[in-house]
Amino acid sequence: MNHSISLTVNGARRDFVLDDPRVTLLDLLRERLHLTGTKKGCDRGQCGACTILVDGKRINSCLALAISHDGADILTIEGLARGDQLHPVQAAFIAHDGFQCGFCTPGQIMSAIGMIKEAQAGDDPERIRECMSGNLCRCGAYAGIVDAVRDAQGQMDESNQRRSA
Amino acid sequence: MKRFDYVRPATVTEAVAAAAQPGAVYLAAGTNLLDLMKGNVSRPDRLVDVTHLDGLDRIETLADGSLRIGALVSNADLAHDAEFARSYPAVAEALLSGASAQLRNAATVGGNLLQRTRCAYFYDTASRCNKREPGSGCDARDGENRGHAVLGWSESCIATHPSDFCVPLAALDAAVEIEGRGGRREIAFDDLHRLPGDTPERDTVLEPGDLIVAVRLPPVARGFAAHARYLKVRERTSYAFAVVSAAAALRIEDGKIAEARLALGGVAAKPWRARGAEEVLRNVAPTADAFQEAARRALEGAKPSGDNAFKIELTRRIVMRALTLATAGTPARIPALPASPFAATSGALHV
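Chains as they are written, first to last, in the numbering used here: chain X, 160 to 324; chain Z, 49 to 399.
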């Protein structure tokens with residue numbers, strides 16, 4: 160039996176016919192839309208490389224069935240930059256060497272954006288580490304990642320304050 | 049992963065009818081179920097997706113003062129609900145000590161209750177496991193079993209229940225609302241999960257088609273808010289299941305414990321309510337001696353199921369520590385590392 164679903168992916172509506180209900184959001188993004196920035200690391204919810212935002216919240220796309228998310232609004236790493244202008248979190252990862260091989264980086268960046276929206280960590284590096292513990296980095300770039308997240312969060316807070324002032 | 053039929057019922061009644069069929073299981077977020085299906089540990093014929101059902105995602109205070117948490121409320125939304133965290137701080141701390149932020153955003157209240165054990169032999173389909181394949185045997189008994197049960201286990205199964213959230217729910221006398229083929233009923237939280245006995249394949253008392261629709265905390269559970277902690281030993285600093293854990297909640301009046309609640313995690317196939325220890329603590333001053341006696345009572349009857357005798361003493365110490373921290377008072381803000389014994393109230397160093 161075929162199932163039709165539609166998603167909004169990085170701002171554009173996309174319709175799909177699924178001939179198999181087993182497809183995850185991760186596989187749909189990578190295999191059907193060729194949005195390969197979202198990485199398949201463990202495929203079991205343990206590494207965080209597949210982190211995306213669904214309806215504004217960060218989740219592991221490897222453990223989400225596409226068919227169950229009909230109507231969802233999805234943001235992936237490909238949806239962040241505006242042309243050549245990087246998202247503040249992307250720019251901060253470069254400025255602070257928040258990666259080495261880069262495989263976990265899209266998941267780290269999407270997780271950081273979700274974390275900043277959740278507004279639970281504040282500027283406390285320990286809370287940032289705890290709130291980012293669902294993203295593993297085998298290169299061990301954690302020190303740079305925490306610096307990048309703090310810096311980007313500070314910039315985004317400032318820019319929000321300027322906007323509301 | 050085995051192929052399955054996908055059903056999206058429009059109402060709870062339709063869901064119950066669809067899930068009562070042999071081979072059917074409920075799908076909520078799927079954070080545990082999909083993992084099990086990818087490993088062929090679970091091989092359902094039909095998934096009944098309840099995530100689109102109306103009315104199951106609310107947190108509401110009822111007229112009698114109890115709190116009703118819909119089964120589809122996410123672990124994160126519940127933990128970060130300010131009123132909830134103020135009223136039931138040990139439950140919020142337990143939630144935030146579990147899994148990762150991504151998983152907590154997806155995972156639901158009902159799903160957390162019904163997650164399966166993380167016993168490695170349950171997950172490994174090449175191993176014998178009475179829970180996965182009734183009657184096949186238990187390779188954990190002679191295997192790597194330092195993390196396994198020390199209370200309530202049987203020769204057929206020594207697995208533990210992995211949830212953090214469930215531990216303070218057991219301590220606080222929560223109730224579970226269930227919609228089944230016979231209509232709506234409710235059971236005490238402590239009666240939901242089963243000990244293995246000869247039928248470890250049944251984790252809970254739920255019957256085919258039974259759907260958890262809500263969890264309720266009674267009004268008296270708020271009375272412990274000033275002295276309530278969850279404490280959890282992990283093998284890494286964050287994002288790990290408990291080796292052992294304890295939820296301790298005290299009502300202290302005039303320097304004495306008027307009432308104590310205590311439950312243990314990571315030690316049995318269900319969250320382990322320690323009623324004997326609670327009795328020891330009634331109407332006594334919160335002293336180290338009283339806590340030591342409570343810890344002794346809490347682990348009465350404990351015995352190793354393998355290379356895990358250390359868990360018995362470790363749990364006693366976590367009980368004492370949790371009671372000590374609860375006496376000191378619930379911190380104004382959940383620590384940077386929720387439930388960590390390595391955390392000061394203000395923060396902790398990741399190691």
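Quick reminder that beta carbons are idealized off the backbone N, C-alpha and C, glycines included.
Owing to the predicted nature of the structure, the values given are computational and were not obtained by experimental measurement.
Query	Result
Host beta strand (DSSP E) of arginine 135 of chain Z (start-end)	As written in the sequence, residue 135 of chain Z is serine, which differs from the arginine given in the question. That residue, serine 135 of chain Z, is in no beta strand (DSSP E); its alpha helix (DSSP H) goes 130-135.
Short Cβ contact (8 Å threshold) for proline 57 of chain Z with valine 96 of chain Z	yes
Which listed residue (X/Cys296, X/Ser323, X/Asp229 and X/Gln279) has its alpha carbon closest to that of glutamine 312 of chain X	X/Gln279
Proximity of arginine 217 of chain X and methionine 269 of chain X at Cβ, strictly below 8 Å	yes
Within chain Z, partners of cysteine 290 of chain X - CB distance below 7 Å	Ala149
Nearest-angstrom beta carbon gap, alanine 223 of chain Z and phenylalanine 237 of chain Z [assumed within contact, 8 Å]	6 Å
Cβ-based neighbour list, proline 247 of chain X, same chain, cut-off 6 Å, excluding 5 preceding and 5 following	Ala311, Gln314 and Met315
Exposed unless 16 or more other CB atoms sit within 10 angstroms - verdict on proline 210 of chain Z	buried
Test: glycine 303 of chain X CB closer than 8 Å to a CB of chain Z	no
Test: lysine 318 of chain Z CB closer than 8 Å to a CB of chain X	no
Cβ pair count under 8 Å reaching 3, the segment 240-251 of chain Z against the segment 266-282 of chain Z	no
Residues bridged to tryptophan 320 of chain Z [DSSP beta-bridge criterion]	Z/Leu312
Under 8 Å by beta carbon: chain Z residues contacting proline 247 of chain X	Going along chain Z, no residue has its Cβ under 8 Å from proline 247 of chain X, so there is no contact; the nearest lies around 20 Å.
Neighbour flag for glycine 207 of chain X against chain Z, beta carbons, 8 Å	yes
Other residues of its chain near serine 163 of chain X: CB distance less than 6 Å, five sequence neighbours each side excluded	Val176
Alpha helix (DSSP H) segment containing arginine 322 of chain X, residue limits	301-323
Boundaries (first-last residue) of the beta strand (DSSP E) holding valine 182 of chain X	Note, valine 182 of chain X: premise wrong, no beta strand (DSSP E); not H, not E.
Beta-carbon separation (whole angstroms), valine 291 of chain Z vs glycine 195 of chain Z, contact threshold 8 Å	6 Å
Contacts of histidine 255 of chain X in chain Z (Cβ-Cβ under 9 Å)	The contacting residues do not exist; histidine 255 of chain X stays about 18 Å from chain Z at best.
Interface flag, glutamine 279 of chain X vs chain Z, CB-CB below 8 Å	yes
Residue environment, alanine 408 of chain Z, which counts as buried when at least 16 other CB atoms sit within 10 Å	The question about residue 408 of chain Z has no answer here: the residues shown for chain Z are numbered 49 through 399.
4-residue-minimum alpha helix (DSSP H) runs that sit fully inside the segment 178-254 of chain X, ordered along the chain	247-254
Neighbour flag for proline 265 of chain X against chain Z, beta carbons, 8 Å	no
Residue(s) in a DSSP beta bridge with alanine 276 of chain Z	Z/Ala297
Same chain only: Cβ atoms within 8 Å of valine 399 of chain Z, ignoring 5 sequence neighbours per side	Model confidence at valine 399 of chain Z stands at a pLDDT of 42, short of 50, so the residue's coordinates are unreliable; what they give is reported in the following sentence. So the qualifying residues of the chain are Thr285 and Phe390.
Contacts of isoleucine 275 of chain X in chain Z (Cβ-Cβ under 8 Å)	None at all; the shortest Cβ gap to chain Z is about 12 Å.
Burial state of phenylalanine 170 of chain Z, where buried means 16 or more other Cβ atoms lie within 10 Å	buried
Under the three-state DSSP convention, the category alanine 370 of chain Z falls into	helix
Residues near arginine 233 of chain Z by beta carbon distance below 6 Å, same chain, minus five either side	Ile226
Sufficient close CB pairs (3 or more, under 8 Å) joining the segment 348-364 of chain Z to the segment 111-126 of chain Z	no
Paired residues, beta bridge with serine 202 of chain Z - DSSP	Z/Cys205
Reference threonine 109 of chain Z, options Z/Asp93, Z/Phe132 and Z/Asn356, closest by Cα	Z/Phe132
Contact with chain Z by aspartate 174 of chain X, beta-carbon distance below 8 Å	no
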